[in-house]
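Report on the following structure.
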């Protein structure tokens, strides 16, 4: 589908406004967010590859032009301009799978304002969605403490794309695979699944249903045991089938049961005892019933004997926080001399005041541990050397300072060029490679920042230069 | 995009299982839900037109087959079967925009089990999503008490489809339009929008930005007043521009301001006073800041002078309840004699036990008021006459009974044929016509059922025949 019209109407009315006023200065917009979702101490950025596709394919078709014409608000000269519209600007972005924090530009668009304005909505839609789900997935996977988490939520996703790209983001965030076959095909990620209650119900009895399933799929062989009665019928029938498989010499490599309802702590412990007693101590007990990071954490605390997790609704919708809240704000306008003049958006809420100017982001690591010390937003033309001491200070409570000595820290820049003069200069890694990168990224967080509740906050500071410009602009406007 | 692989992997493993076992009996599956979202007293069903497109276009392409082959789980004979796969069954559904209640089949699929199984996931994804948003929209529109509500949430939607089909569903539920241009184009629904903060910030000052905007778009002319300071700068500058327009003889038909931050109750009342004092009593005050049905209701209680509402994140994600929870359960299997044998899914939770058999739904209205009295789920071959008394009884607490006398009630059937023997026999109305129908549907609810908190529950009863079959099955299985 051509997504060129996937934009808010006001982007087009503003575009015509700029067109009519000959006001197509080059500007800088930052896409950033203000609060980590679900009370998280960090977020994972995702969706860049879909943003790239979107920008590459920006074209107003004849149908699009006719449609806009039919609205009787756009003049012929503007519509002619749209006919030849191409994105000609620069885009910098933080690569997918990176750990990010509030107020950091995840995407920076430098383009004539008509172009930069048009792409606002779709960039936000895509980045907001996938970053939300990648972040949620990383939390769920964290709760599972190294045990595999499958993304199972397609049927509860907010439409097909939410299922497809949500599965992609979930894998980036750490899921080992998805039930969504189309996502598997599109992104070359593992797909898995066994059978539903309807499989059991379509046979005369549960044992026959298990038996037939195991004959066809001996490895892996995970049997869903809660159609009739988990402990009285499901687990005994599964044990009967596993016993017959063993007697027939069929190797039992990856086999076990799936619990999909009821008290998972109680049922898993009871089922484990029954499987152990029958000589199946290595049977996998998987679970999939309204799980999220908190419930998995609680089940582990209760000693549930579950070692494989299928997470649906709560992951694919990020149910406790279903929107990421990314915004897209004007940061600078180029003047006639080609200089970017910083712009600021005021707010009564200090946290909502934007960071002006053309910026970049440095991540500062503690050298010894490789863990994140802080992030530093600076002007794009500032340079730093790890050979120098680095002063960090809180951008609001500026008396809070830290001086990092050379040799104790390392730094790297987060924003990379994606489009330059309208040409794509970036190749997205494969999704499973992004996933690996994301795991390494998550390892740079202290445990205190990863914890699910009340995580330790990572500081995002401003350079002295950027802080000065911001303060001056605020002074001028008040 | 070809959505044939938009399915859970287990649908395909089960399909191969049925294929290998020569077990392709015709079955009946019901898609229904158990709880209204957001504490609502009802839901609005939506998404059928997209289900129709999906089913019509079900085809495994060569790429799909190659992909499935690459998974090394599917045999050549089964893949050959998929190559020629077409949906050959019947589908009945409740038309879009209809008021519905828990446990009613919104979609009923009658097809060979391999086909009925494949379509499960996509049907649920589509119906769950759009019904969720249509329901949420109807609540937000209800809170606005006849004032226009615009859908503004694209940038916070869970991916492009969530924005596109979410806008469609929001209009079905009662929104007067959307900011989403692509949704406007695809579904012929009104699109609207004005300008963003970036428009204001890209001009030297707020007054110039307003002036330029008003020159280009004098009607409608809604100016966003909160970029710098709403009451000190935004509203006075807007008044200055409106005054100049009036002096220049430009008709002020639909004009006013938009508030996008701050205390909307306070700001709207203050702004109203300023506009009134300047001779603009008919200026529209619109608002768009994290609104939902509860906040709109509260603003009205506080006497806010807002008469136009833009609702974003909380509507497009149904933020307080972002999943509809529809399920798809086996209700009957045809035996060798062509008779549908009812099937039931047990659960420890009585509410979760499914209704067996081939069913239809009657809506019972109080004749005098035209309001909904109750719904009645019956077997498909049962007949009823409005000339007879009608006995309704609670399906769990069966001693709770009501006898409706002829002349006091009317009834209509809700499920309509959509596919018969694989052929589509249904034409979806236009979205704006579905919206009109939905408004009429909502008028059949008592106010007590529409209210936002603790609504009165509408009873969904079972016919005597259906109740008997269900009881017998439960007895057999326990």
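Protein chains in written order, with this note's numbering: chain A, 765 to 1242; chain B, 765 to 1242. Built from N, CA and C at the ideal position, the CB exists for glycine as well.
Beta-carbon proximity check, residue i vs residue j, cutoff 7 Å
i: residue 926 of chain A; j: residue 923 of chain B; result: yes
i: residue 955 of chain B; j: residue 938 of chain B; result: no
i: residue 864 of chain B; j: residue 871 of chain B; result: no
i: residue 1053 of chain B; j: residue 1025 of chain B; result: yes
i: residue 1036 of chain A; j: residue 1069 of chain A; result: yes
i: residue 912 of chain A; j: residue 1072 of chain A; result: yes
i: residue 851 of chain B; j: residue 822 of chain B; result: yes
i: residue 916 of chain A; j: residue 1020 of chain A; result: no
i: residue 946 of chain B; j: residue 1206 of chain A; result: no
i: residue 805 of chain A; j: residue 891 of chain A; result: no
i: residue 1113 of chain A; j: residue 1105 of chain A; result: no
i: residue 1146 of chain A; j: residue 1227 of chain A; result: yes
Per-residue DSSP class, three states only, for residue i
i: residue 1098 of chain A; result: strand
i: residue 1175 of chain A; result: strand
i: residue 1181 of chain A; result: strand
i: residue 909 of chain A; result: coil
i: residue 1105 of chain A; result: strand
i: residue 1155 of chain A; result: strand
i: residue 1146 of chain B; result: coil
i: residue 1160 of chain A; result: coil
i: residue 1137 of chain A; result: strand
i: residue 1011 of chain B; result: helix
i: residue 944 of chain A; result: strand
i: residue 876 of chain A; result: strand
i: residue 1047 of chain B; result: coil
i: residue 1129 of chain B; result: strand
i: residue 1073 of chain B; result: strand
i: residue 927 of chain A; result: helix
i: residue 1092 of chain A; result: strand
i: residue 863 of chain A; result: strand
Classification of residue i by the beta-carbon crowding that lies within 10 angstroms, buried from 16 upward
i: residue 1240 of chain B; result: exposed
i: residue 1232 of chain A; result: exposed
i: residue 1107 of chain B; result: buried
i: residue 936 of chain A; result: buried
i: residue 1007 of chain A; result: exposed
i: residue 1149 of chain A; result: exposed
i: residue 867 of chain A; result: buried
i: residue 1030 of chain B; result: exposed
i: residue 1235 of chain B; result: exposed
i: residue 909 of chain B; result: exposed
i: residue 1103 of chain A; result: exposed
i: residue 1056 of chain A; result: buried
i: residue 803 of chain A; result: exposed
i: residue 933 of chain A; result: buried
i: residue 1189 of chain A; result: exposed
i: residue 1041 of chain A; result: exposed
Partners in chain A for residue i, counting only beta-carbon separations shorter than 9 Å
i: residue 786 of chain B; result: Neighbours of residue 786 of chain B on chain A: none; closest Cβ ~11 Å, over 9 Å.
Listed by chain order, chain A residues near residue i by CB distance under 7 Å
i: residue 882 of chain B; result: The contacting residues do not exist; residue 882 of chain B stays about 10 Å from chain A at best.
i: residue 981 of chain B; result: 777
i: residue 1114 of chain B; result: Simply none; closest approach about 14 Å.
Contacts that residue i makes with chain B (C-beta to C-beta distance below 8 Å)
i: residue 958 of chain A; result: 774, 777
i: residue 1109 of chain A; result: 961, 965, 991
i: residue 770 of chain A; result: 918, 924, 927, 928, 944, 945, 946
i: residue 893 of chain A; result: 921, 922, 923, 926
Cross-chain neighbours of residue i in chain B, by beta carbon under 7 Å
i: residue 975 of chain A; result: Near residue 975 of chain A there are no residues of chain B at all, since even the closest Cβ is about 11 Å away, more than 7 Å.
i: residue 1087 of chain A; result: 920, 1077, 1081, 1083
i: residue 889 of chain A; result: 918, 919, 921, 923, 924, 927
Neighbour list for residue i in chain A, Cβ cutoff strictly below 8 Å
i: residue 836 of chain B; result: Within chain A, no residue comes near residue 836 of chain B; the closest Cβ sits about 12 Å away, beyond 8 Å.
Within chain B, the residues that residue i reaches when beta carbons sit closer than 9 Å
i: residue 823 of chain A; result: Correct list: empty, because the minimum Cβ distance to chain B is about 14 Å.
Closer than 6 Å: residue i CB and nearest the ligand GTP heavy atom
i: residue 847 of chain B; result: As presented, the structure is devoid of all ligands, the ligand GTP included, so that no description of it is given.
- Query: If you pair each beta-carbon of the stretch 990 to 1008 of chain B with each one of the stretch 814 to 828 of chain A, do three or more pairs fall below 8 Å?
  - Reply: no
- Query: Any contact of the stretch 1132 to 1141 of chain B with the stretch 1209 to 1221 of chain B, i.e. 3+ C-beta pairs under 8 Å?
  - Reply: yes
- Using 8 Å as the Cβ pair cut-off and three pairs as the minimum, do the stretch 1151 to 1168 of chain B and the stretch 1180 to 1194 of chain B touch? no
- Message: Whether or not the stretch 1119 to 1130 of chain A and the stretch 1212 to 1221 of chain A are in contact is what I'm after, with contact meaning three or more pairs of Cβ atoms, one per stretch, closer than 8 Å; do they touch?
- Response: no
- Touch test, the stretch 876 to 891 of chain B against the stretch 773 to 792 of chain B, Cβ-Cβ under 8 Å, three pairs minimum: yes
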